[in-house]
Amino acid sequence: MTVPLGAFVAVSAVLFFIGTAGVLVRRNAVVILMCVELMLNAANLALVAFSRRFASIDERGSVFVIFIFVVAAAEVAVGLAIVLSAYRNRPTVDVDEIRQLRG
Amino acid sequence: MPVGPFGIDPVVWAPLRLVIAVLLVVGLVFNGALAQIYLERKIQAIIQDRLGPLHTGPWGLLQTLADAIKLLGKEDIRARLTDKWFFLAAPAIVFSPMLASYVVIPFAPSIVGADLNVGLLYLTTLGSMTVLGIVIAGWASNNKYSLIGGLRSAGQLISYEVPQILSLVTVVLVVGTLSMVGIANSQPGWQMNFLVLPLAFVTYFIAGLAETNRNPFDLPEAESELVAGFLTEYSGMRWAMFFLAEYGEVTVVASIVTTLWFGAWHGPLVEVLPLLGVLWFTLKTYFFVLVFMWIRATLPRLRIDQLMSLCWKVLIPLTLINLTVTGVLLLAFPSTLLPVAIANWILLAAFVLALPFFQRRRLVALRERLRAAAA
Amino acid sequence: MFDFIEPAVFALLTIAIVAGGAGVVLANRITTSALLMAFTFLNVAAMFVLLGAETIAMFQVLIYVGAITVLILYGVMFTPQSPRPYGLFFQTQKWWAAAFVAPIAIFVALVAFAFRDSASAGAKGGDLVPLATSVFRDFAFPFEVASVLLLAAMVGAIVLVKRDED
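If you're matching them up, the sequences are chains A, B and C in order. Here the numbering used here runs 41 ahead of the position in the first sequence, where the first position is 1. Here the numbering used here runs 57 ahead of the position in the second sequence, where the first position is 1. Here the numbering used here runs 129 ahead of the position in the third sequence, where the first position is 1.
Printed below as a string of structure tokens:
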């Protein structure tokens with residue numbers, strides 16, 4: 042018996058919302074970036090699951106996943122660069138303290 | 058499902074075959090590492106005009122066994138403030154991808170673990186997982202020098218993945234398949250890919266030296282630098298795991314070179330007796346392992362900034378040009394490989410002949426700068 | 130006889146993914162979060178293999194575990210903070226976040242089960258050749274834009290982190 046598509050989408054949804062909760066709750070900027078990566082992974086999982094459902098049509102789901110890989114890598118690089126520059130200013134990565142645009 | 062030998066039931070034979078294969082590969086890796094450690098000491102000794110291990114066993118053959126017994130018996134020291142689980146996990150994270158790489162290597166026409174049709178991509182992926190183990194090892198040792206050594210090594214490894222992958226992609230462009238078995242089959246007889254793509258071979262060899270942390274790129278783990286880098290706090294069997302991983306990775310890189318450029322198991326009489334392919338494959342692979350050791354005994358070590366500028370300023374433009382030229386020529390002349398071969402040999406000759414020219418210019422500029430600074 | 134393998138592997142991977150994700154959010158130490166994130170990535174790659182998209186699974190390991198995890202570990206190591214052994218214990222926001230996220234998550238997960246059909250063939254991400262043909266032929270323009278994006282990200286990251294050397 043094969044696993045129904047809904048189960049994969051449910052796992053993807055749970056992972057996505059765990060990532061959302063992490064972004065909302067954690068104060069360390071690097072951990073927030075990690076949770077954003079979890080959310081992107083959840084999206085990838087849902088896309089590949091649907092790509093299996095529509096495998097008889099074409100492979101656009103998997104192609105989209107490749108582009109999401111690219112975007113995630115670029116986003117982590119630039120995000121970490123921003124976090125490191127902020128750290129250089131004041132030695133903290135606590136997002137509650139990096140909230141004033143001056144200094 | 059296939060019936061096993063002696064008529065064993067298929068349900069029993071399938072997992073039993075897996076267990077036997079894993080034990081064979083583990084035995085291959087450990088014995089290969091033992092042989093390589095002995096060879097390395099002897100060859101380095103002979104090149105350095107001394108004799109190497111002599112006393113333990115005839116010609117010092119049992120030296121590695123004695124070393125292994127010593128390492129197994131050493132006390133397992135672990136500094137108190139290290140992260141316990143990461144410290145223990147790091148050797149495993151470095152060792153496992155190397156062991157998993159042996160699955161796709163074609164030893165003989167029918168002896169291959171799994172004929173993945175993306176075998177080369179699989180090997181690249183496993184190579185990139187080693188970086189994680191090294192960063193964790195540097196971090197978990199709770200030692201500033203280990204941390205710096207680990208981060209330097211990680212930077213070196215991820216930088217040199219780029220020319221490595223670009224060289225592999227050039228070969229895939231010519232051959233047309235990522236499967237290792239397919240690449241091995243595409244070089245019948247004496248028509249090895251080396252004759253068509255020598256520049257890719259040279260750049261992959263250099264990048265492979267850097268990927269396995271071998272001399273001249275072994276700054277992170279060198280004995281005279283940074284107190285042995287990320288390996289400082291590891292002693293006894295844990296240190297041995299790192300070194301087994303390194304020798305295993307050297308064998309994997311040599312196997313990839315053999316498969317891609319030198320016709321993996323092809324050799325005289327291999328159509329008559331397919332099992333002879335294992336002999337040819339082993340001979341070719343160990344030839345390249347000996348070249349690795351020869352380079353180690355001969356060349357001085359590169360500094361980290363020299364290493365990085367070699368990668369980003371020399372190897373990456375070279376591999377990109379190689380890839381572009383190969384791609385364009387393959388499109389222009391789809392039926393023959395001769396233009397690609399000619400272009401590659403010309404590029405290789407240009408690279409080798411242009412080196413002294415660039416070196417001289419850099420030396421002159423350096424001398425000018427030093428003279429200006431002293432004046 | 131081997132019918133139960135796929136649901137069993139799926140259940141194991143689900144538990145691993147959800148536990149890993151929860152560990153990333155709840156862990157006290159940031160290095161534990163980073164490594165549990167790598168663990169989650171590996172399990173998502175295994176889920177891709179279960180779905181039949183082996184090539185996408187290998188790209189996932191290569192890019193996420195091989196590169197993004199190393200980047201995040203660099204970020205962790207270059208921004209050392211005083212250790213906080215109490216973690217989320219004194220956070221007052223966590224109940225608000227849980228109250229906001231949990232109902233939506235449960236609702237979406239239940240709605241997801243409305244997708245009842247399951248295909249028997251594997252996902253189209255298994256073979257490299259149709260995937261590559263699609264990327265380089267039908268989606269050539271997004272591919273070029275993606276390479277410009279990566280170039281811009283690389284240059285931007287270097288410029289942002291460069292120290293002004295006098």
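Using N, Cα and C, we set each Cβ at its ideal position, and we do this for glycine too.
- By the Cβ criterion, the region 292-300 of chain B is not in contact with the region 380-387 of chain B, since fewer than three pairs of Cβ atoms, one from each stretch, lie closer than 8 Å.
- Following the DSSP letters along the chain, one finds B:Trp351 inside the alpha helix (DSSP H) bounded by residues Leu333 to Thr355.
- A:Val119 has a beta carbon lying within less than 8 Å of a beta carbon in chain C.
- C:Leu279 and A:Ala115 do touch by the CB rule: their CB atoms are close to 6 Å apart, below 8 Å.
- B:Ala165 is bridged by DSSP to B:Ile168.
- In this structure B:Leu405 is buried. Its beta-carbon is surrounded by 16 or more other beta-carbon atoms within 10 angstroms.
- B:Pro357 is positioned such that its CB atom lies no closer than 8 Å to that of B:Pro277.
- Comparing alpha carbon positions, the residue from B:Tyr202, B:Thr182, B:Ser210 and B:Gln101 closest to B:Val192 is B:Ser210.
- When 7 Å is used as the limit between beta carbons, C:Thr208 is near no residue of chain B, the shortest such separation being about 13 Å.
- B:Leu394 sits close to B:Val253, with the two beta carbons spaced by under 8 Å.
- At a cut-off of 8 Å between beta carbons, B:Ile215 contacts chain C.
- With a cutoff of 8 Å on beta-carbon distance, B:Met237 and B:Ile162 are scored as near each other.
- Within the region 252-279 of chain C, the residues whose Cβ lies closer than 7 Å to any Cβ of chain A are, in chain order, Ala252, Lys253, Gly254, Pro259, Leu260, Ser263, Val264, Phe268, Pro271, Ala275, Leu278 and Leu279.
- Comparing C-alpha distances from B:Thr182 to each of B:Thr315, B:Leu75, B:Thr339 and B:Ile215 shows the shortest one belongs to B:Ile215.
- When DSSP states are grouped into helix, strand and coil, C:Asp256 belongs to the coil group.
- Closer than 7 Å at the C-beta level to chain A, one finds these residues of the region 135-154 of chain C: Glu135, Pro136, Phe139, Thr143, Ile146, Val147, Gly150, Ala151, Val153 and Val154.
- Neighbours of C:Tyr203 across chain B, judged by C-beta separation under 9 Å: Val192, Leu208, Ala211 and Gly212.
- With respect to the C-alpha of B:Trp337, the residue from B:Phe164, B:Gly84 and B:Lys99 having the closest C-alpha is B:Phe164.
- By alpha-carbon distance to B:Lys341, the top candidate from B:Tyr159, B:Ile126, B:Gly324 and B:Leu367 is B:Gly324.
- Judged by DSSP secondary structure, C:Phe242 falls outside any alpha helix (DSSP H); it is assigned neither H nor E.
- Taking a 10 Å sphere around the C-beta of B:Lys99, we find 16 or more other C-beta atoms and assign the residue as buried.
- Look at the beta carbons and you see the region 404-418 of chain B not touching the region 151-164 of chain C: under three pairs across the two are nearer than 8 Å.
- Shortest Cα-Cα distance from B:Asp275 to any of B:Glu425, B:Thr121, B:Gly207 and B:Ser224 involves B:Gly207.
- Scanning chain C for C-beta atoms nearer than 7 Å to the C-beta of A:Ala114 yields Ile192, Ala196 and Ile197, reported in chain order.
- With a contact defined as Cβ atoms closer than 8 Å, A:Leu88 and A:Gly102 qualify at about 5 Å.
- At a cut-off of 8 Å between beta carbons, C:Phe168 makes no contact with chain A.
- Beta-bridge annotation (DSSP): B:Asn88 is not paired with any residue.
- Note that the region 165-185 of chain B does not touch the region 139-147 of chain B; fewer than 3 beta-carbon pairs, one per stretch, sit closer than 8 Å.
- Spatial neighbours of A:Ala83 in its own chain (CB-CB distance under 6 Å, excluding positions within 5 residues in sequence) are listed in chain order as Ser53, Leu56 and Phe57.
- In terms of CA proximity to B:Tyr343, B:Thr315 leads the group B:Ala354, B:Thr315 and B:Val232.
- Identification of chain C residues near A:Ile73 by a Cβ-Cβ cut-off of 8 Å yields none; the smallest Cβ-Cβ distance measures about 10 Å.
- Residue contact with chain A for C:Val173: present (Cβ-Cβ distance below 8 Å to some residue of chain A).
- A direct Cα-Cα distance of roughly 33 Å separates B:Gly286 from B:Trp116.
- The beta carbon of C:Met187 sits no closer than 8 Å to any beta carbon of chain A.
- Rounded to whole angstroms, the separation of the alpha carbons of C:Ala238 and C:Lys223 is 21 Å.
- Taking 8 Å as the cut-off, the beta carbon of B:Gly195 is found closer than this to the beta carbon of B:Ser203.
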